[in-house]
Amino acid sequence: MSVLARLGMPAFKAGGVPAIADEDWRLEVAGLCESPAVYTLAQVAAWPQSQVDARLTSVSGFSLRALWQGVSWPDFLAIARPTAQASHATFVSWGGVYQTTVSLADLARPRTLLCLAVEGQALERVYGGPLRMIVPCLYGYKSAKWLAKIVFEDRMRGGYWEDRGYSRSGQIEPGWTFDLNTRQRRPIAGGGEVEEF
Ligand SMILES: Nc1nc2c(c(=O)[nH]1)N[C@H]1C(S)=C(S)[C@@H](COP(=O)(O)O)O[C@H]1N2
Ligand SMILES: [Mo]
């Protein structure tokens, strides 16, 4: 059982949990970039691997800090090579129902990760395995699970939750979060990643 399951992290699955074997998984990189391509999971796992210690903060009121492992956003950018026109990236989950767009400026903040594992264990399917985004500076709905496609674009777009009323920026607002690590309700300053605990 992963740390996520052990700490009781809720598992959101808007758009459904895809039923696809890891061998059949593909990550498509498209849009305004020099190297559009389709990669297998083995190829993604062979890219440089990093680890980030970061808190994922949901707008729905919970958050969890963990050690996430995978490909850092800067390492991914070196592979995809977005053009000068690209200002945003759209993350599409397997099946195409769930998607979300993030500015490249926000993605450039520390600890953005294409995540394959948590604390040494492959991500469980229910938590977005085999591949998900971790964008700790924004609300969790910007961290697409079951990542199938990354499209570089020149503008912000709507998305699954954005079209249902959440902000397109995904900016974390000042307020409260239930910290699953300590099982305490704690105040958060907002304005970026929750780093204070
Ligand atoms: N494909 C997909 N990605 C998703 C979601 C979802 O429902 N489907 N939920 C989002 C929301 S609202 C949050 S807070 C995080 C939560 O991750 P978790 O379900 O692993 O806790 O995933 C995000 N990514
Ligand atoms: Mo969320």
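Take 1 as the starting number for the sequence shown in the UniProt record's numbering and just add one per residue.
Glycine included, each C-beta is placed from N, C-alpha and C at the ideal position.
With residue i as the anchor, note down where its alpha helix (DSSP H) starts and where it stops.
{"i": "residue 12", "result": "First-last for residue 12: undefined, no H or E at that position."}
{"i": "residue 73", "result": "73 to 80"}
{"i": "residue 184", "result": "No alpha helix (DSSP H) contains residue 184, which is instead part of the beta strand (DSSP E) from 184 to 188."}
{"i": "residue 45", "result": "41 to 45"}
{"i": "residue 106", "result": "104 to 107"}
With a 10 Å radius around its C-beta and 16 neighbouring C-beta atoms as the bar for buried, classify residue i as buried or exposed.
{"i": "residue 25", "result": "buried"}
{"i": "residue 55", "result": "buried"}
{"i": "residue 165", "result": "exposed"}
{"i": "residue 130", "result": "buried"}
{"i": "residue 67", "result": "exposed"}
{"i": "residue 119", "result": "exposed"}
{"i": "residue 161", "result": "buried"}
{"i": "residue 179", "result": "buried"}
{"i": "residue 71", "result": "buried"}
{"i": "residue 193", "result": "buried"}
{"i": "residue 182", "result": "exposed"}
Quick check on the DSSP output: the beta strand (DSSP E) that includes residue i runs from which residue to which?
{"i": "residue 113", "result": "113 to 118"}
{"i": "residue 163", "result": "It is not in any beta strand (DSSP E) - residue 163 carries neither H nor E in the DSSP assignment."}
{"i": "residue 31", "result": "26 to 31"}
{"i": "residue 52", "result": "50 to 57"}
{"i": "residue 179", "result": "175 to 179"}
Which of helix, strand or coil does DSSP assign to residue i?
{"i": "residue 145", "result": "coil"}
{"i": "residue 21", "result": "coil"}
{"i": "residue 194", "result": "coil"}
{"i": "residue 84", "result": "coil"}
{"i": "residue 132", "result": "strand"}
{"i": "residue 4", "result": "helix"}
{"i": "residue 95", "result": "coil"}
{"i": "residue 140", "result": "helix"}
{"i": "residue 125", "result": "helix"}
Would the beta-carbon of residue i be found less than 6 Å away from any heavy atom of ligand 1?
{"i": "residue 144", "result": "yes"}
{"i": "residue 15", "result": "yes"}
{"i": "residue 166", "result": "no"}
{"i": "residue 98", "result": "yes"}
{"i": "residue 93", "result": "yes"}
{"i": "residue 127", "result": "yes"}
{"i": "residue 1", "result": "no"}
{"i": "residue 9", "result": "yes"}
Establish whether the CB of residue i and some CB of chain D are separated by less than 7 Å.
{"i": "residue 70", "result": "Judged by its chain identifiers, the structure shown contains no chain D, having just a single protein chain."}
Exercise. Around ligand 3, what residues have a beta-carbon under 7 Å from a heavy atom of it, in chain order?
Worked result: As presented, the structure is devoid of ligand 3, carrying ligand 1 and ligand 2 as its sole ligands.
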